[in-house]
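The structure appears right after this line, and notes come after that.
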Amino acid sequence: MVTFSANLGFLWADLSLPEAIRAAKAAQFDAVECHWPYATPTTEITAALRDTGLEMLGLNTPKSAGGIGQFGLCALPGHEALARSVIDKSLDFANEIGARCLHVMAGIASGPAAQDSFCAALTYACHQAKQSGITILIEPLNRYDAPGYFLSSLAQAEEIITSLNQSNLKLMFDCYHVGRTEGDVLTQLRARLPLIGHIQFASIPNRQSPDQGSLNYKQVFAAIDSLGWTRPLGAEYNPGGATENSLDWMHSLKP
155 MVTFSANLGF LWADLSLPEA IRAAKAAQFD AVECHWPYAT PTTEITAALR
205 DTGLEMLGLN TPKSAGGIGQ FGLCALPGHE ALARSVIDKS LDFANEIGAR
255 CLHVMAGIAS GPAAQDSFCA ALTYACHQAK QSGITILIEP LNRYDAPGYF
305 LSSLAQAEEI ITSLNQSNLK LMFDCYHVGR TEGDVLTQLR ARLPLIGHIQ
355 FASIPNRQSP DQGSLNYKQV FAAIDSLGWT RPLGAEYNPG GATENSLDWM
405 HSLKP
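In the working numbering, the protein residues as written are 155 to 409.
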C-alpha cells in the first residue's frame with residue numbers, strides 16, 4: 155500500500171517545524187521529511203515526532219557554510235575539509251532527531267576536480283553514517299531550477315553510486331526533477347529501482363500538487379506499489395497557498 159511523507163520544506167512552510175510536524179499528522183501523512191531544520195532545537199523536533207508518532211525520513215546538508223556554497227558545497231574543489239565538517243554536523247543533527255537519511259548536496263560545480271571532491275565527500279559521509287545506520291542520498295537536480303548544479307542526471311548519479319560501491323549510498327529519485335529533463339519517469343524509475351533510497355514527487359512542470367500537470371500520478375503511484383515499494387513517498391511540492399487546500403490528491407490518487 156502506498157504511503158506518503160510530507161516534505162516540510164514546502165508543506166506548511168509558514169509554520170515552525172514542530173507545528174508543521176503536528177499539522178502533517180493531522181492531515182494523515184505517514185511520515186515527514188525536511189530540508190534544512192538546523193535553526194530549530196532538536197529537542198523541539200523530537201518532542202513533536204514523539205507526540206505524533208511520525209518518523210523523520212531525512213534532511214539535507216546545508217546549502218552553504220562559512221560563506222561558501224550555493225545548493226551545497228560537497229563538490230567544491232578546495233573545500234574538502236569544510237565539506238567533512240558540514241557532513242559531521244548534519245549527521246549529528248540527523249542522529250539526534252532520529253532521521254533515516256541524509257541528502258548530501260553537491261553544489262554549483264563542474265569538471266573532474268569537482269567529481270573527485272564529491273566522491274571523497276560521499277565516501278567520508280558513508281563511512282561516518284554507517285555507525286548509526288543512516289543512508290546517504292544523492293539527488294540529480296534539473297537544470298531549470300538549479301542551473302550549474304554538479305549532479306544533473308540519473309546516469310551521472312548511477313555512475314557515482316556504482317563506482318563508490320558503498321552499501322549505504324542511494325539515489326533520491328525525484329519524479330519532478332526526472333520528468334523535467336529525462337523523459338519517461340516510470341521507465342527511469344523501473345530501470346534504477348535497486349539504487350533508489352527515497353522517492354519524491356510533484357506535478358510537472360510547475361512543481362505543484364500531483365493532481366495537476368502532465369504526469370499521471372494515479373498511474374505512477376499504482377506502478378510504484380506494484381513494484382513492491384513499501385516506504386513513504388515524499389510529497390515535495392509548492393502548495394500554492396494553504397497546504398490544507400492542496401491535499402485532495404491524497405485520496406483521489408491513492409491506488
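We put the beta carbon where it would ideally sit given N, CA and C, even for glycine. A quick note: this is a predicted structure, and the numbers were derived from the prediction, not measured.
Identity of the residues DSSP links to residue i by a beta bridge
i: Gln320; result: Its beta-bridge partners do not exist; DSSP assigns none.
i: Leu325; result: Ile292, Ile350
i: Ala185; result: Ser159
i: Ala389; result: Ala160, Phe355
i: His257; result: Asn214, Leu291
i: Gly252; result: None; Gly252 has no bridge partner.
i: Gly226; result: Ala260
i: Tyr371; result: Paired residues: none, contrary to the question.
i: Tyr303; result: Ile262
Beta-carbon contacts of residue i that lie in its chain and below 6 Å, excluding the five residues immediately before and after
i: Ala185; result: Ser159, Leu208, Glu209, Leu211, Pro386
i: Thr157; result: Asp184, Pro386
i: Ser368; result: Ile358
i: Glu187; result: Ser159, Asn161, Leu211, Gly212, Gly388
i: Ile353; result: Phe327, Leu387
i: Ile251; result: Thr196, Ile199, Thr200, Met210
i: Asp379; result: Val156, Pro409
Assigned secondary structure, residue i (DSSP; H/G/I helix, E/B strand, else coil)
i: Met404; result: helix
i: Glu234; result: helix
i: Gly358; result: Note that residue 358 is Ile in the sequence shown here, rather than Gly. Here Ile358 sits in coil by DSSP.
i: Ser264; result: coil
i: Glu313; result: helix
i: Gly333; result: helix
i: Tyr298; result: coil
i: Tyr192; result: coil
i: Ala219; result: strand
Rounded straight-line distance, which links the Cα of residue j to that of residue i
i: Asp168; j: Gly394; result: 12 Å
i: Asp338; j: Leu347; result: 14 Å
i: Ala377; j: Asp205; result: 33 Å
i: Leu323; j: Lys408; result: 29 Å
i: Ala235; j: Phe247; result: 19 Å
i: Ser264; j: Ala180; result: 43 Å
i: Leu401; j: Leu162; result: 14 Å
i: Thr215; j: Gly226; result: 7 Å
i: Leu165; j: Gly261; result: 24 Å
i: Glu173; j: Ala253; result: 18 Å
i: Gln182; j: Gln269; result: 41 Å
i: Leu295; j: Ala178; result: 26 Å
i: Gln282; j: Arg361; result: 33 Å
i: Arg238; j: Ile288; result: 16 Å
i: Gly302; j: Phe272; result: 15 Å
i: Gly232; j: Leu340; result: 38 Å
i: Glu198; j: Thr397; result: 22 Å
i: Leu305; j: Pro195; result: 31 Å
i: Thr411; j: Gln224; result: Examination of residue 411 is not possible in this model, given that the chain is present from 155 through 409 alone.
i: Ser244; j: Glu312; result: 24 Å
i: Ala300; j: His189; result: 15 Å
Contacting residues, own chain, Cβ-Cβ under 8 Å from residue i (five flanking each side not counted)
i: Trp403; result: Ser363, Pro364, Asp365, Tyr371
i: Phe355; result: Asp328, Cys329, Tyr330, Pro364, Tyr371, Val374, Leu387, Gly388, Ala389, Glu390, Tyr391
i: Val240; result: Thr215, Pro216, Ala219, Leu227, Cys228
i: Leu276; result: Cys228, Val258, Ile290, Ile292, Ile314, Leu318, Gln320, Leu323
i: Arg176; result: Ala202, Asp205, Thr206
i: Asn249; result: Ser286, Ile288
i: Ser222; result: At residue 222 the sequence reads Ile, which differs from the Ser that was named. Result list for Ile222: Leu230, His233, Leu236, in chain order.
i: Gln310; result: Pro294
Own chain residues within Cβ distance below 7 Å of residue i, not counting five before or after
i: Lys284; result: Asn322
i: Tyr298; result: Arg334
i: Leu308; result: Pro294, Val332, Glu336, Gln342, Arg346
i: Tyr278; result: Arg238, Ile241
i: Ile350; result: Lys324, Leu325, Phe327
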